[in-house]
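Just add 422 to the spot in the sequence shown (first one is 1) and you have our numbering.
Beta carbons: idealized from backbone N, C-alpha and C, even for Gly.
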Amino acid sequence: MTTHELPAWFEPLLSNIRSAGASDFTRLPTPDGEGQRQSAVLVLFGEDPVTGPDILVLQRAATMRNHAGQPAFPGGAVDPGDADTVACALREAEEEVGLDPSTVEVVATLPTLWIPVSNFLVTPVVAWWRSPHPVGPADPREVARVERLPIRELVDPAHRLRLRHPSGWIGPAFRIHDMLVWGFTAGVLSTLLELGGWAVDWPIGRVEELPTPGAAPVR
């Protein structure tokens with residue numbers, strides 16, 4: 423499959439991605455790569471015959487040392503055997519959720535973004551899931567669950583809010599499918615919804631405090 427065979431709803435996003443820069447996704451300048459570790463995540467778009475276009479996310483196991491219990495895109499650090507960030511994103515998705523890379527069409531890479539808390543330089547890899555198949559936690563010690571989040575639910579104002587981190591940072595978040603999506607993942611999602619032309623007005627004045635680790639989810 424080639425990019426001209428993408429569904430019509432994908433085309434506006436792809437066109438806008440081409441002109442997007444790192445500043446569209448974050449206020450933080452991207453370092454030059456000295457001292458940071460390279461990583462990649464897979465932003466996988468699919469389409470369900472009932473719920474429409476969606477995006478795949480996972481929720482990390484609560485026992486993980488880093489980002490415990492946090493929803494995220496499949497991904498991780500670039501290994502020496504990875505040809506590039508695209509190969510890294512596909513490998514990590516296969517290892518984490520059992521994704522068959524042959525069912526995926528990579529269509530673009532986003533600007534590399536910096537995550538200060540882990541000092542990672544992350545390249546989001548945007549892909550079309552041309553042949554969806556069942557996926558799930560490949561290793562429950564690392565991944566608690568896997569969800570396909572419909573775009574129509576992500577843009578629903580009832581599911582959107584902003585979260586205040588103890589550091590004072592405030593960023594977009596989504597409360598959806600009994601998950602609280604925040605941080606890097608929510609920031610990328612929020613920008614992609616805008617670039618795709620799907621976003622609608624939502625109450626940006628709805629600001630909540632980031633729940634403490636282990637707190638019961640608010641539904």
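- Here residue 544 is buried, its C-beta having at least 16 other C-beta atoms within 10 Å.
- For residue 613 and residue 602, the gap between their C-alpha atoms comes out near 17 Å.
- Take residue 615, set aside five residues on each side of it, and the residues of its chain with a beta-carbon closer than 8 Å to its own are 573, 576, 577 and 621, in chain order.
- For residue 585 against residue 592, the beta-carbon gap comes to about 7 Å, under 8 Å, which counts as contact.
- Taking C-beta atoms as the reference points, residue 519 and residue 549 fail to come closer than 8 Å.
- In the displayed model, residue 585 falls within a strand according to three-state DSSP.
- With fewer than 16 other beta carbons inside 10 angstroms of its own, residue 427 counts as exposed.
- 588 is the residue among 588, 476 and 499 whose C-alpha sits nearest the C-alpha of residue 634.
- Here the segment 528-537 makes no contact with the segment 558-569; the two share fewer than three CB pairs at distances below 8 Å.
- For residue 525, there is no enclosing beta strand (DSSP E), since its DSSP letter is neither H nor E.
- Residue 628 sits in coil when the DSSP states are folded into three classes, being neither helix nor strand.
- Residue 620 sits in coil when the DSSP states are folded into three classes, being neither helix nor strand.
- In this structure, residue 478 and residue 570 form a Cβ contact; the two beta carbons are roughly 6 Å apart against a cut-off of 8 Å.
- Residue burial is scored here from C-beta neighbours: residue 514 has at least 16 other C-beta atoms within 10 angstroms and is therefore classed as buried.
- Shown here for residue 617: same chain residues with a beta carbon closer than 7 Å to its own, the five before and five after excluded, namely 435, 438, 439 and 442 in chain order.
- Annotated three-state conformation of residue 594 is strand, per DSSP.
- Taking the Cα of residue 429 as reference, the smallest distance to any Cα among 451, 475, 480 and 619 is reached at 475.
- Between residue 523 and residue 516, the CB-CB gap stays under 8 Å.
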